[in-house]
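The numbers in my numbering rise by one with no breaks, and the one at position 33 of the sequence shown is 33. From the three backbone atoms N, C-alpha and C, an ideal C-beta is built for every residue, glycine too. These numbers were taken from a predicted model, which means no experiment stands behind them.
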Amino acid sequence: MEYRGVCLVLCLFCFAQVTFQQNGKKQRQSNKDVVSMKMYEDLKKEVQNIWQEVNHLKEQQSLTTLCMKGMKIHNKCFLSFTEAKAYHQASDVCIAQGGTLSAPENGDENDSLYDYVRKSIHSNAEIWIGINDLTTEGMWVDMTGTKVPFKNWETEITKQPDGGKQENCASLSAMAIGKWSDKNCKTELPFVCQFAIV
Ligand SMILES: [Ca+2]
1 MEYRGVCLVL
11 CLFCFAQVTF
21 QQNGKKQRQS
31 NKDVVSMKMY
41 EDLKKEVQNI
51 WQEVNHLKEQ
61 QSLTTLCMKG
71 MKIHNKCFLS
81 FTEAKAYHQA
91 SDVCIAQGGT
101 LSAPENGDEN
111 DSLYDYVRKS
121 IHSNAEIWIG
131 INDLTTEGMW
141 VDMTGTKVPF
151 KNWETEITKQ
161 PDGGKQENCA
171 SLSAMAIGKW
181 SDKNCKTELP
191 FVCQFAIV
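(1) Thinking C-beta only, is S36 closer than 8 Å to S80?
(2) Under the assumption that M68 contacts Y116 (Cβ atoms under 8 Å), give the Cβ distance between them as a whole number of angstroms.
(3) Suppose you measure from the CA of W180 to the CA of K44; what does that come to, to the nearest Å?
(4) So who's on the other strand from C169, going by DSSP bridges?
(5) Which residues have their C-beta within less than 7 Å of a heavy atom of ligand 1, listed in chain order?
(6) Just list the beta strand (DSSP E) runs in the region 36 to 114, keeping only unbroken ones of 3 residues or longer that don't cross its boundaries, in chain order.
(7) I'd like to confirm the pairing. Which residues does DSSP put opposite D142 in its beta bridges?
(8) Cβ of A84 within 8 Å of Cβ of E188?
(9) From G107, W153, G130, pick the residue whose C-alpha is nearest to that of G145; which is it?
(10) Looking at C-alpha atoms only, which residue of I50, E53, Q60 is the closest neighbour of A196?
(11) Run the CB neighbour count on F150, radius 10 Å, all protein chains shown included, and call it buried at 16 or more, exposed below.
(12) Looking at the secondary structure, which residues open and close the beta strand (DSSP E) in which A196 lies?
(13) Report the residue from E105, C94, C77 whose alpha carbon sits nearest the alpha carbon of A148.
(14) In this structure, does DSSP put K119 in helix, strand or coil?
(15) Using CA coordinates, which residue listed in C169, D182, A90 is at the minimum distance from Q160?
Structure representation (structure tokens):
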């Protein structure tokens, strides 16, 4: 569908140029030049609108493809990456795909992410999540720097977060039933990106 859209845009643009050139030759120095110029400008605007629509459709199609490969929840899609990377490299991969490292905002989202990690990576996998206290020790924020209202630290066995300034990036462990730990950001872990559904 998008290729047909692109062809349509190109055809309209070529048609507009030819029309404008022909009109320019035939009606030079006449009042019709003003009309032709207006037509050309109108058509140019129309082509720009179609081009914007094509780009929007491309983004929608790309997001649909990502969601089909991953898992869709009510306002976002998760997509797992099994190759272990350090926190910042993992974050860069998500950004390059048009998303961010996944950051569960409530218990339901955390459960969905935990379930998806078990199915798509490993039943005992541990992944990076998009939550860190890199800027201010003890203040856990998401990838936009916003303080997170929901946390799911493992507190019964190992009393997370316990790494102080040595561990500033958060992970979610399937082995710990979706509970979180703080870890050194240079540790290499698989990860899940999230994509907002508009
Ligand atoms: Ca810390």
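Quick look at the numbers:
(1) What you label residue 80 is simply residue 80 of the sequence shown in a count that begins at 1. What you label residue 36 is simply residue 36 of the sequence shown in a count that begins at 1. Not in contact: S80 and S36 (Cβ atoms no closer than 8 Å).
(2) For this step, residue 68 is matched to residue 68 along the sequence shown. For this step, residue 116 is matched to residue 116 along the sequence shown. No, M68 and Y116 are not in contact; Cβ-Cβ is about 14 Å, not under 8 Å.
(3) Here residue 180 is taken as the residue at index 180 of the sequence shown, counted from 1. Here residue 44 is taken as the residue at index 44 of the sequence shown, counted from 1. Near 54 Å, if we compare the C-alpha coordinates of K44 and W180.
(4) By one-based count along the sequence shown, residue 169 stands at place 169. Answer is N132, K183, bridged to C169.
(5) D133, E137, G138, P161, G163, G164, K165, E167, N168, D182
(6) 76 to 85
(7) Walking along the sequence shown from the start, residue 142 turns up at place 142. Paired residues: I131.
(8) For this step, residue 84 is matched to residue 84 along the sequence shown. For this step, residue 188 is matched to residue 188 along the sequence shown. Result yes, Cβ atoms of A84 and E188 sit closer than 8 Å.
(9) As a working note, residue 145 is residue 145 in the sequence shown. Comparing Cα-Cα distances from G145 to each of G107, W153, G130, the minimum goes to G130.
(10) Within the sequence shown, the letter at position 196 stands for residue 196. Out of I50, E53, Q60, Q60 has the C-alpha closest to the C-alpha of A196.
(11) Residue 150 sits at position 150 when you count from the first residue of the sequence shown. Label assigned to F150: exposed.
(12) In the sequence shown, counting from the first residue as 1, residue 196 sits at position 196. First-last of the beta strand (DSSP E) with A196: 189 to 196.
(13) For the purposes of this step, residue 148 is identified with residue 148 of the sequence shown, where counting begins at 1. According to the sequence displayed, residue 148 carries Val and not Ala. For the residues E105, C94, C77, the minimum Cα distance to V148 belongs to E105.
(14) Start at 1 with the first residue of the sequence shown, and residue 119 comes out as number 119. If DSSP states are grouped into helix, strand and coil, K119 belongs with the helices.
(15) For the purposes of this step, residue 160 is taken as residue 160 along the sequence shown, with counting starting at 1. Of the candidates C169, D182, A90, the one whose C-alpha sits nearest the C-alpha of Q160 is D182.
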